[in-house]
Amino acid sequence: MRSFLGCFRLKKAVHKPGSGDHAILASETTFTVNEVEALHDLYNQLSSSIIDDGLIHKEEFQLALFDNGSKQSLLADRLFDLFDLKQNGVIEFGEFVRSLSIFHPNAPEAEKVAFVFRLYDLRCTGYIERDELKELVLALLNELDLTLSNDAVEAIVDKTIMEADLKGDGRIDPEEWKELVARHPSILKNMTVPYLTEITLAFPSFVLNTGVQESEL
Amino acid sequence: MADTTPKPSQSNQPTSNLLNNKYELGRLIGSGSFARVYHAKNLLTGETVAMKVVSKDKIIKAGMMDQVKREISIMKKVHHPNIVKLHEVMATKSKIYFAMEYLRGGELFEKVSQGRLKEDSARNFFKQLVCAVDFCHSRGVYHRDLKLENLLLDENGNLKVTDFGLSAFSENLKQDGLLHTACGTPAYVAPEVIGKRGYDGAKADLWSCGVILFVLLSGYLPFQSKNIISMYKKIYRADFKFPPWFSPETQMIVNGLLDPNPITRISASELMDTSWFKFNKTIPQNVKPMSESDGIESEEEKEKETLNAFHIISLSEGFDLSPLFGERKEEEMRFATAAAASRVIERMEEVGKAAEFSVRKSESKVRLVGNESGRKGKLAIEAETFAVTAALTVVEVKKGGGDTFEYNQFCSKELRPALTDIVWTADKSLTT
Numbered sequence: 001m002r003s004f005l006g007c008f009r010l011k012k013a014v015h016k017p018g019s020g021d022h023a024i025l026a027s028e029t030t031f032t033v034n035e036v037e038a039l040h041d042l043y044n045q046l047s048s049s050i051i052d053d054g055l056i057h058k059e060e061f062q063l064a065l066f067d068n069g070s071k072q073s074l075l076a077d078r079l080f081d082l083f084d085l086k087q088n089g090v091i092e093f094g095e096f097v098r099s100l101s102i103f104h105p106n107a108p109e110a111e112k113v114a115f116v117f118r119l120y121d122l123r124c125t126g127y128i129e130r131d132e133l134k135e136l137v138l139a140l141l142n143e144l145d146l147t148l149s150n151d152a153v154e155a156i157v158d159k160t161i162m163e164a165d166l167k168g169d170g171r172i173d174p175e176e177w178k179e180l181v182a183r184h185p186s187i188l189k190n191m192t193v194p195y196l197t198e199i200t201l202a203f204p205s206f207v208l209n210t211g212v213q214e215s216e217l
Numbered sequence: 001m002a003d004t005t006p007k008p009s010q011s012n013q014p015t016s017n018l019l020n021n022k023y024e025l026g027r028l029i030g031s032g033s034f035a036r037v038y039h040a041k042n043l044l045t046g047e048t049v050a051m052k053v054v055s056k057d058k059i060i061k062a063g064m065m066d067q068v069k070r071e072i073s074i075m076k077k078v079h080h081p082n083i084v085k086l087h088e089v090m091a092t093k094s095k096i097y098f099a100m101e102y103l104r105g106g107e108l109f110e111k112v113s114q115g116r117l118k119e120d121s122a123r124n125f126f127k128q129l130v131c132a133v134d135f136c137h138s139r140g141v142y143h144r145d146l147k148l149e150n151l152l153l154d155e156n157g158n159l160k161v162t163d164f165g166l167s168a169f170s171e172n173l174k175q176d177g178l179l180h181t182a183c184g185t186p187a188y189v190a191p192e193v194i195g196k197r198g199y200d201g202a203k204a205d206l207w208s209c210g211v212i213l214f215v216l217l218s219g220y221l222p223f224q225s226k227n228i229i230s231m232y233k234k235i236y237r238a239d240f241k242f243p244p245w246f247s248p249e250t251q252m253i254v255n256g257l258l259d260p261n262p263i264t265r266i267s268a269s270e271l272m273d274t275s276w277f278k279f280n281k282t283i284p285q286n287v288k289p290m291s292e293s294d295g296i297e298s299e300e301e302k303e304k305e306t307l308n309a310f311h312i313i314s315l316s317e318g319f320d321l322s323p324l325f326g327e328r329k330e331e332e333m334r335f336a337t338a339a340a341a342s343r344v345i346e347r348m349e350e351v352g353k354a355a356e357f358s359v360r361k362s363e364s365k366v367r368l369v370g371n372e373s374g375r376k377g378k379l380a381i382e383a384e385t386f387a388v389t390a391a392l393t394v395v396e397v398k399k400g401g402g403d404t405f406e407y408n409q410f411c412s413k414e415l416r417p418a419l420t421d422i423v424w425t426a427d428k429s430l431t432t
């Protein structure tokens, strides 16, 4: 059975973007063409972990983030939704590269700020509403197996809204968000993944089959 | 750049002096049969790197492509203050580019060619070498080509081993001196390696360390001969003579390392346990022992940040992409507790004292520093507490210095057990 599957996998045509696609992605992101090629290696691994169709499904994304693939996390779901730019239920390679680019240490701060705002704006209203913030806090407490009294959760949410909501309309708009983040840069900590600077070392297969011409480097 | 027609050039000379719009290639600083090394500047960071350029043709012809790929992954594993860092790899259809840490201090070889070293100075370099080698061995990585030419110095005179893992095409970039071994000569090679039987990579590396120590103290190679067969014979019998200025202790160390029998040859841990190795004389000039430069700088206490709801949210495991890259964030441990910050700090202090670590603390922070140097300098653990509400404290524990393996071990064996009863779990839920 296993060998049959192995053969099947070998014969299966994996979607392989031409070097032209890689060059376009590189020009539009913080990555070089070689880094895009290295990311393609990673993408192939992730996109074939459950269904080998060259696309990252939500289950595959979760499997990659958690040892236990069945774990539920509101933020992992939100990340998947934001990565899935076309909103068609899968992360395509281009979407994967463009989204990861924002997590690169050299990516512009403003992109990171905007990304997290969209992440927390659960219902895409253009604001982080009080109830969205509460939902996020509850989801985290649930994830950590922590139970806090409703009053305690309310107090944390109130305090944060009070600090952030400079205009006093009970919700956080992008401008207020920017100011809050400026005061608490550590809120953005998760938006910088240092490993992204080392992807050429982590996935070095591209050195053999790179499509980059000498004149293009 | 786009309008120049690429010429089918067979030379190793890059067609442009700009790579990926990121590295500006400068002068050639070394060349050999496989590689050329250029001075290069990272335009994003201003950092200078040594850019090793290798022709793929030659690697493929030598059948070493898989080895090269494997060795790139190895280099990623061996981050150590005494090992030259590989920053990034780039490739085109015809060449591979390795952006490596550039060292301003030159080769240790140059120092020795000006005259043999004094014992204290030789010991200082040798200790750093053994630290790097032992660290790699702990990660299952063997150098297999240790020699004086692979030992470089940074601007502070610290030793850095180069070509660790890239030994597939390590070679002499210069062939100008007495000690520079011609390609393929076994001056540094252990007898069991010549024998081509299966051998213990760690013990073979230690033999080479022994040859290096001998060279540092004497200024010449222990095994020399006009023809290779008689050289092999000398190596097999460990047939060498000490010059009169070798102290009895150093003779003992060199004899322990240049033991033709790999089984009885001294191991790294035995070596590091000798009083000769431990001897610590304050080294003149600006040569700092590695352990003190490795992340144990005293830092100003940062202004304390209060946590808000967004900090709590970002504790979510679902918002941490590092596992995508096969990396689990072992180096940071965050947990919530109902205990007051002072109690967490107190508990950490107890753990530190029990392990005979030195403890520094403030109201919200504590730092434990090991008193003995580990594989990567002294182990340091930092914990910071953040009060979210009166009843909820978030604690962040991270490595402040030292080796990650040793840190993880400390966390699982000492720290976690000591903290279990204050780490928050569902059954100890809060009732405010």
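Taken in sequence, the protein lines are chains A and B.
Under full-length UniProt numbering, read the first sequence as residues 1 to 217, first letter to last.
Under full-length UniProt numbering, read the second sequence as residues 1 to 432, first letter to last.
Just so it is clear, CB atoms sit at the ideal spot from N, CA and C, and this is done for glycine as well.
Predicted model only: the values in this text are computed from it and were never measured.
Any idea if I106 of chain A is buried or exposed, counting beta-carbon neighbours within 10 angstroms, 16 or more meaning buried?
Just to set this straight, residue 106 of chain A is Asn in the shown sequence, not Ile. Exposed: under 16 other Cβ atoms inside 10 Å.
Over what stretch of residues does the alpha helix (DSSP H) that includes H40 of chain A continue unbroken?
V33 to S47
Distance CB(V181 of chain A)-CB(I172 of chain A) smaller than 8 Å:
Taking 8 Å as the Cβ cut-off, V181 of chain A and I172 of chain A do not qualify as a contacting pair.
Rounded Cβ spacing between G26 of chain B and V37 of chain B (contact assumed at less than 8 Å):
That belief does not hold up - the Cβ atoms of G26 of chain B and V37 of chain B are roughly 11 Å apart, past 8 Å.
In three-state terms, what does DSSP make of H80 of chain B?
H80 of chain B falls in the coil class under three-state DSSP.
Check whether E60 of chain A and S73 of chain A have beta carbons under 8 Å apart
E60 of chain A places its beta carbon 8 Å or farther from that of S73 of chain A.
Just grab the DSSP bridge partners of R360 of chain B for me.
R360 of chain B pairs with B:R367.
Proximity below 8 Å, CB of Q128 of chain B to CB of N156 of chain B
no
Who are the neighbours of T125 of chain A on chain B, taking C-beta pairs under 9 Å?
What T125 of chain A touches in chain B: nothing, since even the nearest Cβ is about 18 Å away.
Compare the C-beta of T160 of chain A with all C-beta atoms of chain B and state if any pair is closer than 8 Å.
yes
Let's test the definition: count the other Cβ atoms within 10 Å of the Cβ of L166 of chain A and tell me whether it reaches 16, buried, or not, exposed.
exposed
In or out: K147 of chain B buried (at least 16 other Cβ within 10 Å) or exposed?
Answer is buried; the Cβ neighbour count reaches 16.
Boundaries of the beta strand (DSSP E) in which V89 of chain B is found, first to last residue
L86 to A91
Roughly how many whole angstroms lie between the Cα atoms of V49 of chain B and Q87 of chain A?
Rounded to the nearest angstrom, the two C-alpha atoms are 42 Å apart.
Quick one: does P174 of chain A have its CB under 8 Å from some CB of chain B?
no
How close, in whole Å, do the beta carbons of G318 of chain B and A110 of chain A come, if the pair is a contact with beta carbons under 8 Å?
Not confirmed; about 24 Å, so no contact.
In chain order, each beta strand (DSSP E) run of at least 3 residues that lies wholly inside the stretch 7-59 of chain B
23-31, 35-42 and 48-55
Using a Cβ-Cβ cut-off of 8 Å (strictly less than) and excluding sequence neighbours within five positions of Y199 of chain B, which residues of its own chain qualify?
A190, E192, V193 and P262
Verify the CB distance criterion: does P108 of chain A have a CB-CB separation below 8 Å to chain B?
no
Beta strand (DSSP E) containing V161 of chain B: first to last residue?
L159 to V161
Can you tell me whether DSSP reads K95 of chain B as helix, strand or coil?
strand
At least three beta-carbon pairs within less than 8 Å, the stretch 139-146 of chain B to the stretch 92-108 of chain B
no
Taking the continuous alpha helix (DSSP H) assigned at F125 of chain B, which residues delimit it?
E119 to S138
At a Cβ threshold of 8 Å, is D421 of chain B touching chain A?
No - not a single Cβ of chain A is within 8 Å of the one on D421 of chain B.
Span separating the alpha-carbon of L39 of chain A from that of K399 of chain B:
28 Å
According to DSSP, what are the bridge partners of I381 of chain B?
B:L368 and B:K399
Using 8 Å as the threshold, is the C-beta distance between I56 of chain A and I91 of chain A below it?
Yes, Cβ-Cβ distance for I56 of chain A and I91 of chain A is below 8 Å.
Here's the rule: buried if 16 or more other CB atoms are within 10 angstroms of the residue's CB, otherwise exposed. What is E270 of chain B?
exposed
Could you tell me which chain A residues have their CB closer than 7 Å to the CB of A336 of chain B, listed as they occur along the chain?
L144 and L146
Starting from P248 of chain B, find everything on chain A with Cβ-Cβ shorter than 9 Å and list it in chain order.
Result: empty, since nearest Cβ-Cβ is about 45 Å, beyond 9 Å.
Output, in chain order, the set of chain A residues within a Cβ distance shorter than 9 Å of P323 of chain B.
A64, L65, F66 and D67
Determine the DSSP secondary structure at T431 of chain B, reduced to helix, strand or coil.
Because the pLDDT of T431 of chain B is 35, which lies under 50, any placement of that residue in the model is unreliable, and the number read from its coordinates should be weighed accordingly. Reduced to three states, the DSSP call for T431 of chain B is coil.
Please report the straight-line C-alpha distance between T274 of chain B and A418 of chain B, rounded to a whole angstrom.
34 Å
Can you give me the C-alpha to C-alpha distance between C124 of chain A and A339 of chain B, rounded to a whole angstrom?
37 Å
By how many angstroms is the C-alpha of M333 of chain B removed from the C-alpha of G20 of chain A?
42 Å
Alpha-carbon to alpha-carbon, D120 of chain B and E346 of chain B:
42 Å
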